[in-house]
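Some notes on the structure that comes next.
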């Protein structure tokens with residue numbers, strides 16, 4: 008079982024060496040990792056030199072510049088994914104720390120999924136287990152820039168049920184599947200690529216395709232230390248009750264921008280469903296067309312929890328945004 012790891016970088020000199028070494032120190036790194044593909048989005052700091060020095064003693068490390076002409080984290084990862092060849096793929100941020108058993112436990116979980124699919128394939132001979140898109144992901148510890156623990160579980164910090172991903176109708180509204188915790192197979196990548204520009208983020212798109220066309224499984228254990236610092240593109244900070252009150256307008260604006268991006272992603276997924284000859288998912292169709300329906304219809308969808316969020320602030324913000332878009 009060989010795995011390509013795609014690690015996206017941009018001015019990552021502060022934490023990159025620690026992250027790469029945590030990957031190298033994983034139990035199955037030597038046996039199972041084919042390539043550690045480091046794809047850079049135009050760093051101007053010491054990122055390239057750090058990778059060059061580490062690569063002198065590790066032939067698995069490959070350094071690539073993002074030459075796609077499209078920049079930002081999602082586009083950088085998408086470019087890196089296009090460079091992979093192995094049957095399985097993992098993703099890595101530049102500033103986290105992997106637990107020593109991350110690769111090993113992720114492999115065990117996806118093998119369990121494969122065995123379930125093989126049993127299903129024996130019944131349905133028209134479907135091959137190897138062709139089913141599979142994705143596994145884990146919880147993560149939230150730590151500060153010095154790796155001091157903030158919270159032992161992302162789901163606990165954000166007050167999100169750990170089974171949220173199990174319903175596509177929930178997952179297409181709020182993502183809980185972090186790319187830095189994923190292991191997925193080539194069948195998923197073949198199905199999901201190219202990632203459309205309207206996708207909110209690369210990891211959310213991969214999770215949606217896996218949920219709609221294959222299988223997702225959750226490892227109920229934190230397998231990375233997810234570092235929070237001032238340079239994070241997307242963080243996992245806990246909002247205090249006081250900040251929810253004093254900064255409500257600012258956070259509402261952020262929520263509305265996020266919701267509008269979710270609408271655009273839903274439109275892209277509608278096109279994906281048509282291309283894949285899938286039946287239209289009702290929630291995706293509602294999201295894609297939410298701006299065009301009446302206020303009374305929006306309220307009805309909200310009351311029935313057809314349009315929903317997992318926590319109180321999100322629910323309140325969702326109602327306000329629905330009434331004004």
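In my numbering, the protein residues as written are 8 to 332.
No residue lacks a Cβ here, since even glycine has one placed at the ideal position from N, Cα and C.
Query	Result
Nearest candidate by alpha-carbon position, reference residue 12, set 233, 110, 21 and 147	110
Residue range of the alpha helix (DSSP H) that includes residue 310	302-310
Residue 70 - partner residues in DSSP beta bridges	45
Continuous beta strand (DSSP E) assignments of at least 3 residues falling wholly in the segment 75-150	95-99 and 141-150
Through-space distance from residue 261 to residue 9, alpha-carbon basis	40 Å
Whole-angstrom C-beta distance between residue 150 and residue 233, which should lie under 8 Å	7 Å
Test item: CB-CB of residue 293 and residue 276 under 8 Å	no
Residues sharing a beta bridge with residue 158, DSSP	149
Residues that DSSP places opposite residue 16 in a beta bridge	47
For residue 231, three-class secondary structure by DSSP	strand
contact_flag[the segment 174-191, the segment 283-290] where n(CB pairs < 8 Å) is 3 or more	yes
Three-way DSSP call (helix, strand, coil) for residue 190 in this model	strand
Delimiting residues of the alpha helix (DSSP H) encompassing residue 294	289-295
Sub-8 Å separation of residue 221 and residue 314 beta-carbons	no
Continuous alpha helix (DSSP H) stretch holding residue 166: start and end	That residue, residue 166, is in no alpha helix (DSSP H); it is neither H nor E in DSSP.
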